[in-house]
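Visitor:
In our numbering, the protein residues as written are 636 to 773.
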């Protein structure tokens, strides 16, 4: 662990370089944003299915999570499809991404407030940011 801490600056440098490279790629080829966000929604949606079924005991909450995951996967597919279109799609990107972020934050707050799901301060802050970004994008 000490050796990893010694090279923390290297990880920061690599991360910064990747972010700058992604920013340049997004400017040069803006359609990659659709592919990237669509792929992220697909991967995160599919990867959450099994852990949620194992960890969630409340049936109402389980169905709410499944509904949210299905919507997230559909949004990922739609974003990938929109990336293949030649014409601009207007504000659809903001509505889709903002809607998914808002939905994720809403489901989290519903689960923790009404169904007493366990939570941490970091989860609360993360989902509060998701709701805020979702509203801004919408």
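We put the beta carbon where it would ideally sit given N, CA and C, even for glycine.
1) Determine the closest residue to residue 769 out of 746, 650, 741, 745, with distance taken between C-alpha atoms.
2) Using a Cβ-Cβ cutoff of less than 8 Å, which residues in the same chain neighbour residue 656 once the five nearest sequence positions on both sides are dropped?
3) Using 8 Å as the threshold, is the C-beta distance between residue 694 and residue 688 below it?
4) Using alpha carbons as the reference points, say which of 732, 699, 679 lies closest to residue 767.
5) Over the uninterrupted alpha helix (DSSP H) stretch that includes residue 666, give me the two end residues.
6) For a test of the three-state rule: what should DSSP assign to residue 751, helix, strand or coil?
7) DSSP on residue 697, reduced to helix/strand/coil?
Guide: Straight from the coordinates:
1) Comparing alpha carbon positions, the residue from 746, 650, 741, 745 closest to residue 769 is 741.
2) none
3) no
4) 732
5) Counting along the chain, the alpha helix (DSSP H) containing residue 666 begins and ends at 666–690.
6) coil
7) Of the three classes helix, strand and coil, the one that applies to residue 697 here is helix, per DSSP.
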